[in-house]
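*Asks:*
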Amino acid sequence: MKKMHRSFLLLLFLFIVSNHSFLYSQSNDKQEIKKETVKKTTKKTGKKTKNEEALELQLQEIEKEKAKIIEEKEAAEKARLAEIEKMQKEMAEMEFLLKQKETLEASMKQQEIQSGFVQSMFFTFQFGGGSMLSAGAGLSFFSNVVRPEVLAGYSPSGEYKSLSFAAKLNARILGIKITESSGFFATIGANFTFFSGNAKIAPSAFLAQEFDFKDVLFMSTFTFYFEENFYFIENKEGSVLFQLGIGIRMSIF
2 MKKMHRSFLL LLFLFIVSNH SFLYSQSNDK QEIKKETVKK TTKKTGKKTK
52 NEEALELQLQ EIEKEKAKII EEKEAAEKAR LAEIEKMQKE MAEMEFLLKQ
102 KETLEASMKQ QEIQSGFVQS MFFTFQFGGG SMLSAGAGLS FFSNVVRPEV
152 LAGYSPSGEY KSLSFAAKLN ARILGIKITE SSGFFATIGA NFTFFSGNAK
202 IAPSAFLAQE FDFKDVLFMS TFTFYFEENF YFIENKEGSV LFQLGIGIRM
252 SIF
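Under the working numbering, the first residue of the sequence shown is numbered 2, with each subsequent residue one higher.
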């Protein structure tokens with residue numbers, strides 16, 4: 002009877018222990034399942050820890066600071082380029098004004114020269130009109146209306162061959178403007194020529210047609226002209242000798 006009682010108690014003890022172990026294992030399994038569920042839920046919902054959120058905020062602040070610095074640098078660069086462009090424009094305007102000033106001063110100087118007593122100095126080269134070839138120089142007065150000049154010439158043959166020296170006075174009586182830089186002029190004048198071949202002085206009157214061109218190369222005025230001379234001398238053909246000449250005149254100021 003006692004043995005049966007002990008066996009019963011032993012079986013009861015084993016039953017209790019096995020049941021407790023089963024319950025404990027089920028509890029652990031539930032906890033693991035709960036942890037996995039929490040992890041999966043956290044992963045799905047995207048929830049972060051406070052440290053992660055703080056780190057993310059710091060990174061966002063750093064990105065904002067970087068963007069702000071880049072924006073400030075770009076603004077400073079734009080301002081610098083705008084300042085350079087402004088300086089370049091100011092320099093270009095100053096250069097333009099300086100050129101205008103120089104042009105105005107040159108024009109005023111030219112006007113002062115033209116308004117003075119002596120207007121210009123010129124050189125003349127002529128073919129015919131007395132001597133076969135002649136060259137000379139002169140001055141222009143009173144707005145280029147009056148021009149005295151002296152010439153030296155040479156004729157290889159004829160009654161008035163050899164060297165000649167002439168004093169000439171020109172006066173413009175008519176002017177027609179063709180363009181801003183050119184014009185036609187009619188001129189009359191007197192000429193006194195000494196011919197060394199026969200040691201005679203031959204006076205003459207002439208009429209000339211002149212074509213002026215301003216600012217040609219280094220010259221202030223370039224003139225091409227025709228000249229009809231009437232010499233008052235005694236010869237076989239009568240007392241008046243007609244001579245036709247053509248020439249150029251170059252004014253240097």
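In this text, a Cβ means the ideal position worked out from N, Cα and C, and glycines have one as well.
1. Can you find at least 3 beta carbon pairs, one from the region 150-169 and one from the region 134-141, that sit closer than 8 Å?
2. Can you tell me which of the three DSSP states residue 58 falls into?
3. If the criterion is Cβ atoms closer than 8 Å, does the pair residue 208 and residue 229 meet it?
4. Looking at residue 199: is its Cβ nearer than 8 Å to the Cβ of residue 167?
5. Suppose contacts are defined by Cβ-Cβ distances below 8 Å. Is residue 184 in contact with residue 176 by that definition?
6. Is the beta carbon of residue 253 less than 8 Å from the beta carbon of residue 221?
7. Taking the runs of the beta strand (DSSP E) that are 3 residues or longer, which of them lie wholly in the region 148-211?
8. May I ask you to report which of helix, strand or coil DSSP gives residue 218?
9. Whole angstroms are fine: how far does the CA of residue 129 sit from the CA of residue 104?
10. So for residue 254, helix, strand or coil by DSSP?
11. Would residue 194 and residue 131 qualify as a contact pair, given that the criterion is a beta-carbon distance under 8 Å?
12. Using DSSP's beta-bridge definition, name the partner residues of residue 119.
13. Suppose you measure from the CA of residue 67 to the CA of residue 60; what does that come to, to the nearest Å?
14. My assumption, with CB atoms under 8 Å, is that residue 196 sits in contact with residue 161. Please give the rounded CB distance.
15. Sorted by chain position, which residues of the same chain lie with C-beta nearer than 7 Å to residue 251's C-beta, five sequence neighbours on each side aside?
16. Enumerate in chain order the residues of its own chain whose CB-to-CB distance from residue 249 is below 6 Å, with the five nearest sequence positions on each side excluded.
*Replies:* Reading it off the structure:
1. yes
2. Taking the sequence shown and counting its residues from 1, one reaches residue 58 at position 57. DSSP places residue 58 in helix when its eight states are reduced to three.
3. The residue labelled residue 208 in the question sits at position 207 within the sequence shown. The residue labelled residue 229 in the question sits at position 228 within the sequence shown. Remark: C-beta atoms of residue 208 and residue 229 approach each other more closely than 8 Å.
4. Here residue 199 refers to the residue found at position 198 of the sequence shown. Here residue 167 refers to the residue found at position 166 of the sequence shown. No, these two residues do not count as a Cβ contact at 8 Å.
5. Translated into the one-based positions of the sequence shown, residue 184 becomes position 183. Translated into the one-based positions of the sequence shown, residue 176 becomes position 175. Yes, they are a contact pair.
6. As a first step, residue 253 must be located in the sequence shown, where it is residue number 252. As a first step, residue 221 must be located in the sequence shown, where it is residue number 220. In contact: residue 253 and residue 221 (Cβ atoms closer than 8 Å).
7. 163-180 and 183-196
8. Within the sequence shown, numbered from 1, the residue matching residue 218 stands at position 217. DSSP places residue 218 in coil when its eight states are reduced to three.
9. The residue given as residue 104 occupies position 103 in the sequence shown. The residue given as residue 129 occupies position 128 in the sequence shown. Their Cα atoms are separated by approximately 41 Å.
10. Sequence index remark: in the sequence shown, residue 254 carries index 253 (1-based). For residue 254, the secondary structure class from DSSP, reduced to helix, strand or coil, is coil.
11. Numbered from 1 along the sequence shown, position 193 holds the residue referred to as residue 194. Numbered from 1 along the sequence shown, position 130 holds the residue referred to as residue 131. Result yes, Cβ atoms of residue 194 and residue 131 sit closer than 8 Å.
12. Taking the first residue of the sequence shown as position 1, residue 119 is located at position 118. In DSSP, residue 119 forms a bridge with 142.
13. What you label residue 67 is simply residue 66 of the sequence shown in a count that begins at 1. What you label residue 60 is simply residue 59 of the sequence shown in a count that begins at 1. Straight through space, the alpha carbons of residue 60 and residue 67 are spaced by roughly 10 Å.
14. Here the question's residue 196 lines up with position 195 in the sequence shown. Here the question's residue 161 lines up with position 160 in the sequence shown. Yes, residue 196 and residue 161 are in contact; Cβ-Cβ is about 4 Å, under 8 Å.
15. Taking the sequence shown and counting its residues from 1, the one referred to as residue 251 is at position 250. Excluding residues within five positions, the ones whose Cβ falls inside 7 Å are 123, 124, 220 and 223.
16. On the sequence shown, position 248 is the one that residue 249 refers to. Same-chain partners within the cutoff: 126 and 225.
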